[in-house]
Amino acid sequence: MTPDMPSSSSCRRARTSASCAICATLLLVLAACSPVFNWREVPLQGGELVALLPCKPDRAERQMPLGDQSVRVDMAGCETGGATFAVAHANAADATQAQAWMNAWRMQAYAQWAGARVEESPAGVVRAALAPAPLRLDASLPPADRSAPARQASLLWFAHRNRDGTVALYQATVLGSPSSPEAVENFFSGLRLPG
């Protein structure tokens with residue numbers, strides 16, 4: 004072995020170190036490519052509404068009591084980053100029925116969040132019907148155990164007149180505390196109605 008030539012064991016160590024560095028770099032790149040909030044446009048209710056959801060949604064349908072009626076409600080939602088994001092839809096015969104259903108939905112939310120700090124405010128949704136007017140509710144309930152986080156929810160109700168004269172009524176919901184502070188606003192501002 005000459006003094007200028009590295010030993011075969013030092014060559015193996017150098018290759019192993021280089022391989023480890025490459026693997027570590029690849030792991031970092033792969034982690035950066037799989038964000039918690041993987042926003043995607045999701046058509047809902049036959050393509051009338053497009054929602055921006057932070058994960059791949061599950062879909063369901065169920066009967067829900069709204070006022071004195073049992074109403075079929077279609078839902079799409081997913082859970083990521085510490086919160087559930089969902090959109091529910093029901094078709095009302097007209098604006099009067101849609102307003103009654105929206106009031107019933109609101110009352111159910113108030114009942115579920117009894118004892119919580121609740122703030123209700125008018126909301127803006129591009130191309131939403133004027134009646135019933137879009138409305139937002141934010142609720143926060145302090146935990147029984149002070150070391151646990153507060154329970155939180157943000158709900159947004161809005162309607163859209165369909166081509167056949169019926170009224171599509173929507174409730175968009177974020178339940179929980181998303182790990183990204185802008186996630187709620189991204190979700191609500193990503194709701195798109197047809198022109």
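So the sequence shown is numbered by the working numbering: it starts at 4 and just counts up by one. Heads up, the beta-carbon is just placed ideally off N, CA and C, and yes, glycines get one too.
Original post:
Apart from the five residues just before and just after Ala142, which ones in its own chain have a Cβ nearer than 6 Å to its Cβ?
Top reply: Trp116, Ala119, Val121, Ala156
Original post:
Closest by CA to Gly85, which one among Arg139, Ala54, Pro152?
Top reply: Pro152
**OP:** Spell out a yes or no on whether the region 132 to 151 and the region 62 to 71 are touching, meaning 3 or more CB-CB pairs, one atom from each, closer than 8 Å.
**Re:** no
**OP:** Count the other CB atoms, across all protein chains shown, that sit within 10 Å of the CB of Val129; report buried if there are 16 or more and exposed otherwise.
**Re:** exposed
Original post:
Measuring CA to CA, which of Arg62, Gln48, Pro125 is closest to Pro197?
Top reply: Gln48
Subject >> Anticipated Cβ contact below 8 Å, Ala101 with Ala162, distance rounded >> reply: 5 Å
Original post:
Would you report the Cα separation of Glu3 and Glu82, rounded to the nearest angstrom?
Top reply: Shown here, the chain extends from 4 to 198; a query on residue 3 therefore has no answer.
Subject >> Inter-residue spacing [alpha-carbon to alpha-carbon] between Ala175 and Leu138 >> reply: 11 Å
Original post:
Out of Ala131, Ala132, Ala136, which has the shortest C-alpha to C-alpha gap to Glu123?
Top reply: Ala136
Original post:
Among Gly80, Phe191, Ala93, Gly179, which has the Cα closest to the Cα of Arg164?
Top reply: Ala93
Original post:
Just checking my contact of Pro46 with Val39 at CB under 8 Å: how many whole Å lie between their CB atoms?
Top reply: About 23 Å separates the two Cβ atoms, so there is no contact after all.
**OP:** State the start and end residues of the unbroken alpha helix (DSSP H) segment that holds Gln100.
**Re:** 98 to 115
Original post:
Roughly how far, in whole angstroms, is the beta-carbon of Glu64 from the beta-carbon of Val76, given that I think they are within contact range, below 8 Å?
Top reply: 7 Å
Original post:
In chain order, which continuous runs of the beta strand (DSSP E) of length 3 or greater are located wholly inside the region 106 to 180?
Top reply: 120 to 125, 138 to 144, 154 to 164, 170 to 179
Original post:
Using a Cβ-Cβ cut-off of 7 Å (strictly less than) and excluding sequence neighbours within five positions of Ala274, which residues of its own chain qualify?
Top reply: Shown here, the chain extends from 4 to 198; a query on residue 274 therefore has no answer.
Subject >> Tyr173 beta carbon less than 8 Å from that of Ala91 >> reply: yes
**OP:** Report the rounded CA-to-CA distance for Val170 versus Ser182, giving the unit in angstroms.
**Re:** 34 Å
Original post:
Can you tell me where the alpha helix (DSSP H) with Ser192 in it begins and where it stops?
Top reply: 186 to 192
Subject >> Gly80 classed as buried or exposed, judged by whether at least 16 other C-beta atoms fall within 10 angstroms >> reply: buried
Subject >> Assigned exposure category for Ala131 - 16 Cβ within 10 Å defines buried >> reply: buried
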